[in-house]
Structures are given as C-alpha cells and as structure tokens.
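Protein chains in written order, with our numbering: chain A, 63 to 318; chain B, 72 to 513.
The C-beta atom is built at its ideal place from N, Cα and C for all residues, glycine as well.
Quick caveat: nothing in here was measured; it's all calculated off a predicted structure.
Quick notes on the structure that follows.
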Amino acid sequence: MASMLKIDNLHVRVAGKDILKGLSLEVNPGEVHAIMGPNGAGKSTLGNVLAGRDGYEVVEGSVTFEGRDLLAREPEERAADGVFLAFQYPVEIPGVNNTYFLRAALNAQRKARGESELDSMQFLKKVREKLAVLHLKDELLHRAVNEGFSGGEKKRNEIFQMALLEPKLAILDETDSGLDIDALKMVADGVNAMRDPARAFLVITHYQRLLDYIVPDVVHVLADGRIVESGDKSLALKLEEHGYAWIAERKIAGAA
Amino acid sequence: MAAVLLDRLLDAGAAPASQAAWLDDARREAREALVRDGLPGARSEAWKYTSLRALAQRAYARGDAGAAGRAVEASLVALPGVDGPRVVFVNGRFRADLSQLPATSGLTIAPLVDVLDDTGVHALLARRFDDASQAFARLNTALVDDGVLVRVAPDAQVDVPVHLVFAGVPADGDVAWQSRVLVELGESASLRLIESHVGTDGQAHLGNHVAQVAVRRGATLDLLQMQVAAEAGVLVRRSDVVLDEDARLNLRTLELGGQLVRHDLVVDLAGDRAQLESRGVFALHGRQHVDTHLDIRHLARDTRSDMVWRGVADARSRGVFHGAITVAPGADGTDASLANKNLLLSDQAEIDTQPLLVIHADEVKAAHGATVGQLDERALFYLRSRGLPESEARALLTLAFCRVAIDSLENPALRDHIDAVLLDHLPRDVAAPTAQDAPNRP
Ligand SMILES: Nc1ncnc2c1ncn2[C@@H]1O[C@H](COP(=O)(O)OP(=O)(O)OP(=O)(O)O)[C@@H](O)[C@H]1O
Ligand SMILES: [Mg+2]
C-alpha cells in the first residue's frame, strides 16, 4: 500500500537552532498514529512544518503527501490537498467572524480542488450537522475567531473546523490539553466519527488517557528531534508508568 | 509657492457680495488675516508632515460656475439603509433639486443664504480663527457663499438620520470650492447625522470644508463622517465641535478617499460631564496622503473622551495622525484616552503618529498610546492553514483591523455598506474578497 504521508530523514532548523534531527515517519490511509514525547522535543515543530508555517528551515530530508512534495506547497495549497493542523495554541482573530471565515476557507479549498462552492444554506446545513456531534454552542459561531473562547472552547473549535473541512490527514497538536473529561470525550467522539479507511490522524499528546478514547494503530516517541521508539498502544501505557527516562535507559541498556 | 496658490484662491478683487454687513466684515477680516499670515508652509508645526507644494501649480477656478447643472449619479449620493432628509452639495454648491427636505418635527434644515439674519448663524459664521495654522478655515470664511444650517429644537428627538452629501464631479477645469456646515442641537435634543464626502474620478478639485457643531446641554449627536472623495481630489476639512454640559458626541470617522487630505477635528468638552466617543479609521493606498489632526480639549470638570483610531497604509501612501489631548486648568476629574494603532502593508508606505498629552488639572485619568506594526503573522498563518489564499487572508485581517470604527453602528445595512466600501479601499495589490461577499461582522 502506498503511504499517505512519508517523512524521510527530516532536519529542521528554527531560529538557527536544530530542532528536528533526522525524523522519519510513514502514515498510511486509515491509520491513527500517536506521537508522544517530552516538552521541547519538536512535536509542534513537526506539525508546523507539515502545515507550512514560515520560519522553519528544512535543511535536509523530504516530505511527500500522496506522492507529492509537500514542502514545496503553500499552506493554503496543503489545506486544499487535505492537510489539517489543529493548533496547540489556536490564534484569536478579533474582527473576523467565525462563520464567515469557515465558509470562506471551505469554499477556497473547494475552489482549489475544482469543486463547486457551497451557498450559505448548504453551508449552514453542514455546520449544524457537525455542531451536533461536538455539542458546541452555536453562539460561538457568531463570535470572532477564537476571541474570548475558553481554552477548552478553542480546542473544540479546532475539532469543529476539522469536522467541517474533512481533511485527509489531520494533525492534532495536544488537542486534549486543558479539556475537562466531558470535553475530552466529545473531542474523541468527533475524531472517531471521522475515522475512515481513506483518512489518517497524527495525534500529538502527553496523556495516554486520550488514547483510551482514540485508539491508535501506532505510538511513537519523539525525543530530541527524532522518533526514538515506536510500538503499539501498550507503549503509551509503559510511558505513563515509567516516564521518558525509561526509553533513554533502555536505549543505553540495549547498546551495552 | 504657497503665496502663488493663495493669490489664486483669493482671486484678488472679486469679493463675493452678501446681504449682511456683519458677514462682509467677517469675510474682510478673515481675508486680511490670511493675506497677513499666508498659507502654512514647511515651518508650520501643525503642517510639518503635509506640504501644499503640489497644489501650487494647479490653476483652480474659484467655484464651479456650472455646478447647478452638473449631472450626478444617484448612487453617488445615496447610502444604503439611510432614508431621511438629504442635503446635497455639488462642487460646493447647494442643489435643491437633488436634496430631500421633508418637514420633520423639531428639525430645521436651511441653506445658509436663507438664514443670514439668524443670530446663531451669525455667531458661528463670523467666528474668528486666530491661529495662522487655521488658514484654510480663514479662507473658508473669506470666501464662503454656500452652506447649510441643521438645527434641532430643544428636547426634539429626531428619529430619521440626516444625510449631508458633498460631491465632487468633473467641471470645466479644476475648481476650488468652500463649503460650510452649521449644526446646532438644542438642549436635550438628539440627532443622527451623516456627513459624506464623495466624488467621481476624473476631477482634482480642492474642497475646503468647515463644519461647526454646537451640542447644547444634555443633547446627543451621533455623527458619521465618511470621506470617500475622488482619487485625485484634494480635501481640507475642519470639524469644530463644542459640547456643553452633559452633552454627548458619538463620532465615527472614515478617511478613505482623496489624494491629499487634511482633517482637523477639534472637540471642546466645554461643559461639565460632556462626553466624546470617537472611532476612526484611515485606509490608504497608491500615493494618498492623509493627515488627521485631533485636538481634544477638556475644558470642564468630569468630562470624558474615549478615542480609538486605526490606520492602514499600503503602496507608497502616507498617513499622518496627530492626536492631542489637552486638559485645561480646572478640568478636574477628566477621563481621557486615545489609542491609535496602525498597520503598514508595504515597505514604502509610511505612517507618522504623534500622541500628545498636556495636563493642567488634578485627578485626571489619561491613557495614551500609538503603535505602528504589520499584520500578525500567526493570524495570517492560521487563516491560510485553513485554506484561505494569502491575499484573501491579508484582506480579511486588514478589514478586521479597520472594523473597530464601525462595529458599534446600529444600522446593519449601513454597516454592511461601509464594510464593502472599506474592502473596496483596501490595498489594490491585495485581491480583496468581492464587495457582495462582504463578511458579516462577529
Ligand atoms: N520560533 C522559535 N524560535 C526559537 N526556538 C523555537 C521556536 N520555535 C520552537 N523553538 C524551540 O524548538 C524546540 C521544540 O519546540 P516544539 O514547540 O516543537 O516542542 P514540543 O515538542 O511541541 O513541546 P511541548 O510538548 O512543550 O508542546 C523548543 O526548544 C522550542 O523552544
Ligand atoms: Mg508542542
């Protein structure tokens, strides 16, 4: 099977500092990959590089998405290709209405893909469907993008956007952080409702709890800019129990 | 240079005749002051960022002799959601045929020529402008022969908006016109007033406009000033407002059009507890030069002013914002704040902002800030990561930045219209979303 996302020996420098140091990862359609790792390891950097943020210098390696060089594409092209990043820290944008923004974004993507644009009736119908799954107050839709949203509301808004934009590859950067237990379940429900043989997820998290609800096919440990360990769901449990030091010790033991 | 321009503008010898001796005196006095001090040059502090040099070569005719017959497109003078009395001036000339002046209880609207024997009109029209930097106001007094009086009787709550339109349309050549607006709200009266400056392209007139506004005790004025003059137009304006005890002015100002624009906005909080709320935006492109001077004077106790202004400059345009707040001796308990944020969209654009705070009283609360920056890269990336093309994302963020000026307008049709006009005036090299697709406000 051809992989959807193929990251090969990726080296990325940010502000003159090497952050990713030879990261390789392959994700197939239909799979859920969890990425765990200590603070500052480079997890968000990976998400940002994949989404096309400025200021991340790729010094070596390659990323292909559905066989195409992803790194050569503009952020909006990647979005239209089907790449979605749920931000660790969603941005507040005063003065830009959430509904307007989402419709403009969805239609821009559809236009780029040669699909017909949705009129406001069609769009609102879609919005209602997705809202119901996430139990989001539709009052949030009438506000400015993320402005004055609580931490949890921002995270749920990210998932709502994902549901609406229906990407092929969704990267969730600590979407579970700061969520109460009910919100966590809603987010998981939102993700699970979208699981599909043609869609893949990259779930960045610090907590194995999320993985009880969103069961991953593979769990990776990202430390010091590369994947140092991969395994099945049980790896997350071991990490929870022993911490990241355990990996380092095992490596040393293995090397000895 | 300025002297040549002044001679031309004054067109020596041809003083317009009036029916009132006091007016002739006021004109003569203004003319003498003008001839004595001249137009402001490079050494004038108040004009140091705005040069009149470019005007010296222009051969302006004094007024448009054919103004009464000029055709004007209806779309130029109409405003969506605004359906009330309308007063239209074309190239500085009152046009009864284009105006609608339905009888409204408590409201008087009259061309100045019809009310010259009114003492209130006398006091305002004959007002002296003592400072040499007020040269254009002097010029206006020296030459003015058309204008309008808007007066609201005490206690009258006028519930239809009054729309004043000053339109510039092509004439036989470039013309310089003077226009004058006098507004008086009686005690405890209220009025919504819209002052539009519009123009069709293909003309490069010089409009010199003075608005004098008196808001009496306990009265409230909502004033929307929309300046969307023609691309090549030159517009010099002075808005002089006096707020008496417990009077209130809610001001919205948009400066979008014109090639060379100067606006002096002077508000005297003259009575105890007078209040000013001012929201303004200038959005410039091409080679526009727009200079806004706020001169807010707290002259009485417990007065409040709250000003939020935004500026955007693209291409090779230049914005100047001078925001001065003065708290006079004895104006204790004043609460004043001015925030001016600006956005530079191009390396060659420039915005000069100078906040100025002078306090001579006690127990004063004053806040004051000005910044010049670029679009927030994080917000830009966020929008793009969702699929919005960069140009659209930039336009959306720029519009959002400017919206502060109109967010509180209650008329939705008018708000949408202003949104569309704003979009229309956003940077040209940034393909903005189309006007009919104007985003709803949050
Ligand atoms: N713009 C930047 N300038 C300088 N350093 C940066 C920048 N962006 C990221 N870094 C650094 O890169 C490293 C990796 O950051 P990143 O945000 O990818 O970590 P992370 O694995 O997501 O951590 P966390 O679990 O805390 O979210 C950190 O040391 C961070 O300080
Ligand atoms: Mg992170």
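Item: Cβ pair residue 389 of chain B, residue 360 of chain B closer than 7 Å; Value: yes
Item: Residue 76 of chain A: CB within 6 Å of a non-hydrogen atom of ligand 1; Value: yes
Item: Whole-number beta carbon distance between residue 404 of chain B and residue 362 of chain B, since they are thought to touch under 8 Å; Value: The pair is not a contact, with the Cβ atoms about 32 Å apart (cut-off 8 Å).
Item: Bounding residues of the alpha helix (DSSP H) (the contiguous stretch that carries residue 189 of chain A); Value: 182-196
Item: Proximal chain A residues relative to residue 452 of chain B, where beta-carbon distance stays under 9 Å; Value: 110, 113, 114, 115, 116, 137 and 153
Item: Extent of the continuous beta strand (DSSP E) to which residue 233 of chain A belongs; Value: 231-235
Item: Under 7 Å by beta carbon: chain B residues contacting residue 147 of chain A; Value: 456
Item: Beta-carbon neighbours of residue 449 of chain B, restricted to chain A and to distances below 8 Å; Value: 153
Item: Any heavy atom of ligand 2 nearer than 7 Å to the CB - residues listed; Value: A:105, A:106, A:150, A:235, A:236 and A:266
Item: Among B:224, B:420 and B:331, the one whose alpha carbon lies nearest that of residue 303 of chain B; Value: B:331
Item: Enclosing beta strand (DSSP E) for residue 359 of chain B [first to last residue]; Value: Note, residue 359 of chain B: premise wrong, no beta strand (DSSP E); not H, not E.
Item: Interface residues of chain A facing residue 471 of chain B [CB-CB closer than 8 Å]; Value: 155, 156, 157, 158 and 206
Item: Test item: CB-CB of residue 320 of chain B and residue 313 of chain B under 7 Å; Value: no
Item: Through-space distance from residue 233 of chain B to residue 151 of chain B, alpha-carbon basis; Value: 13 Å
Item: Cutoff 6 Å; reference residue 64 of chain A; Cβ partners in own chain excluding five residues on either side; Value: none
Item: Straight-line Cα distance separating residue 193 of chain A from residue 200 of chain A; Value: 7 Å
Item: Beta-carbon proximity check, residue 310 of chain B vs residue 292 of chain B, cutoff 7 Å; Value: no
Item: Length at least 3, wholly inside the region 413-461 of chain B: the beta strand (DSSP E) runs in chain order; Value: 421-430 and 436-444
Item: Boundaries (first-last residue) of the beta strand (DSSP E) holding residue 253 of chain B; Value: 246-256
Item: Option in B:437, B:465 and B:441 with minimal Cα separation from residue 449 of chain B; Value: B:465
Item: Per-residue DSSP class, three states only, for residue 135 of chain A; Value: coil
Item: CB contact check: residue 459 of chain B to chain A, cutoff 7 Å; Value: yes
Item: Proximity below 7 Å, CB of residue 394 of chain B to CB of residue 414 of chain B; Value: no
Item: Beta strand (DSSP E) segments (min. 3 residues) lying fully within the region 157-245 of chain B; Value: 157-161, 178-182, 218-223 and 233-239
Item: Any non-hydrogen atom of ligand 1 within 6 Å of residue 309 of chain A CB; Value: no
Item: Under 8 Å (Cβ pairs) to chain B, residues found in the region 162-184 of chain A; Value: 162, 163, 164, 166, 167, 168, 170, 171 and 174
Item: Chain A contact for residue 474 of chain B (CB, 7 Å cutoff); Value: yes
Item: heavy atom of ligand 4 below 6 Å from residue 430 of chain B C-beta; Value: Absence of ligand 4 is noted for the structure shown, with ligand 1 and ligand 2 being the only ligands found.
Item: Residue 199 of chain A in three-state terms, based on DSSP; Value: coil
Item: Cβ-heavy atom distance, residue 102 of chain A to ligand 1, below 6 Å; Value: yes
Item: Beta-carbon neighbours of residue 421 of chain B, restricted to chain A and to distances below 9 Å; Value: The premise fails here: residue 421 of chain B is roughly 24 Å from chain A at the closest Cβ pair, so nothing lies under 9 Å.
Item: For residue 238 of chain A, three-class secondary structure by DSSP; Value: coil
Item: Secondary structure of residue 483 of chain B, DSSP reduced to three states; Value: helix
Item: Near ligand 1: residue 81 of chain A beta-carbon under 6 Å from a heavy atom; Value: yes
Item: Three CB pairs or more closer than 8 Å across the region 112-123 of chain A and the region 162-177 of chain A; Value: no
Item: CB contact check: residue 142 of chain A to chain B, cutoff 7 Å; Value: yes
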